[in-house]
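A quick write-up on the structure given underneath.
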Amino acid sequence: MCGRYALALSNEELYDGLQNQLPQLFQRGRPRWEREQDYRPNYNVAPRQRQPIIHRDRDSGEAVIETMQWGLIPHWTKHPPSGPMNTINARSESLLDPASGGMWHALKGYKRCIIPAQGYYEWQKKASSKVAHFTRLPLGKQDTNASPPLMFFAGLYDTVEYVSPVESRFQPREGDDREPYPTGNPIPLSTYTILTTVPAKDISWLHDRMPCILKDWEDIERWLDLGKVKGWEDGKGGTGSLLKGTQGLDCFPVPPEVGKIGTNSPTYIQPVSERSDGIKSFFQKQTSSPAKKTGTGKSAEVVKKEDPDQDVKPTSQSNTPDASPMSDDVKPKVESKLDPEIGDDSNAPNEAPPDGVVKKEAQTPGKRKRGKSEDPVDEDAETTQGLARERKGGHQTKVTRKSESEGSKEQPSITAFFK
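For what it's worth, this note's numbering labels the leading residue of the sequence shown as 18, then goes sequentially.
As structure tokens, this is what we get:
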């Protein structure tokens, strides 16, 4: 937790949101945005995708925005990871204990950042299923369900440069003017992770972890180490005191389609009961398993019998490039796939198997499954032979009658069959 979040604002809308909520960032003018062209609004941000973070520039000492890849790769890494990396989240407890060791201690001093988001997703476990929920800050007077206020996750970042060149798999679509994203060599690759903590009591029913959220400018300024650089301060009242659970958040069920990486819809961040297309329309789209609405509040819970891990088609698409299936520069390949559960702290549905990997289903002992390739039908041969029989679904039983030429040998009894 968190394994999925939303930030669907345009570049200008993000600037406006930052200026409204963090005007101190704009005291010396508009913050610089590194690799601004790499950002795309996304209602369903998943690991390995690129999103903006805010950190302190080491040269100027001012806050800068930079688009980075989600899932931290430490700077001492020499080659691209060939296996799973559970680095989309970092437990804040590992930063607080000096004896814990780990790579986070090398970053917590001067590579801290905040990650803007409109909210995050979490899947509540219910019996054998998971129900997707969206969590956000309470709405203000100027906010709406479609445009909630920004929240800011505490995070860490790093930049890696591999020893050998790494070829980009980026294949731009027509009209896409983006340049290939940094691969780590020749252009260094910057990545980030989101810190998590024990949840506040009023939201502990959802999950046993939650992101560390910084709400006040004083906390953000201190976390980013703006002004006088202090690095990491241990002890009571130190830097680690900022990493705690947040109370008073809004949380409500959302459509299960958000569980499928690559889908994108503004309905993902809106309560099901208040969607513009109506609750009735939502249920009509769930043809495989109709939902049941319970409760009478604004955010009435939707209980679905289907497993949210299964692949489902999105009900609607955004006009952003991320609405279509992920392009090659984003979609993980076999050598960079993520572990099931997407990190240690996430209940997010597993990622689809990488290209070339076929998920096999275990068969029940003693029973043989009928494959799709069995019993092929040669339609041309049947037409040539004048066969016009109708092929029906299900198992067929062919009855063969004995001809008179075979004699009158007596049929053995059924009991003789089992002797």
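All residues carry an ideal CB built from backbone N, CA and C; glycine is no exception.
Residue environment analysis places residue 49 among the exposed positions, since fewer than 16 neighbouring C-beta atoms fall within 10 angstroms of its C-beta.
Here residue 191 carries a coil assignment [DSSP, helix/strand/coil].
Residue 64 holds the alpha-carbon nearest to the alpha-carbon of residue 86 among 146, 64 and 140. Between residue 130 and residue 70, the gap from beta carbon to beta carbon is short of 8 Å. In the structure shown, residue 248 adopts coil according to DSSP, grouped into three states. Annotation for residue 167: 34, 38 and 133 place their beta carbon closer than 6 Å to its own, counting only its chain and skipping 5 residues before and after. By the neighbour-count definition (other C-beta atoms within 10 Å, threshold 16), residue 175 is a buried residue.
Nearest in C-alpha terms to residue 179, of all of 29, 216, 206 and 232, is 206. Taking each of 145, 151 and 128 in turn and checking the Cα distance to residue 137, the smallest one comes out for 151. The beta carbons of residue 210 and residue 106 sit closer together than 8 Å. The criterion of a C-beta distance shorter than 8 Å is satisfied by residue 229 and residue 109.
For residue 237, the enclosing alpha helix (DSSP H) has its first and last residue at 234 to 241. Residue 88 is a Cβ neighbour of residue 208, given a cutoff of 8 Å. Residue 184 and residue 135 have their alpha carbons spaced roughly 33 Å apart. Annotation: residue 24 is outside any alpha helix (DSSP H); the continuous beta strand (DSSP E) that includes it extends over 22 to 24. When the five nearest sequence neighbours on each side are left out, the beta carbons in the same chain lying within less than 8 Å of the beta carbon of residue 213 are those of 18, 19, 106, 107, 108, 109, 226, 227, 228, 229 and 362, in order along the chain.
Bridge partners of residue 70 according to DSSP: 83. Under the 8 Å Cβ criterion, the segment 266 to 282 counts as touching the segment 53 to 67, having at least three qualifying pairs.
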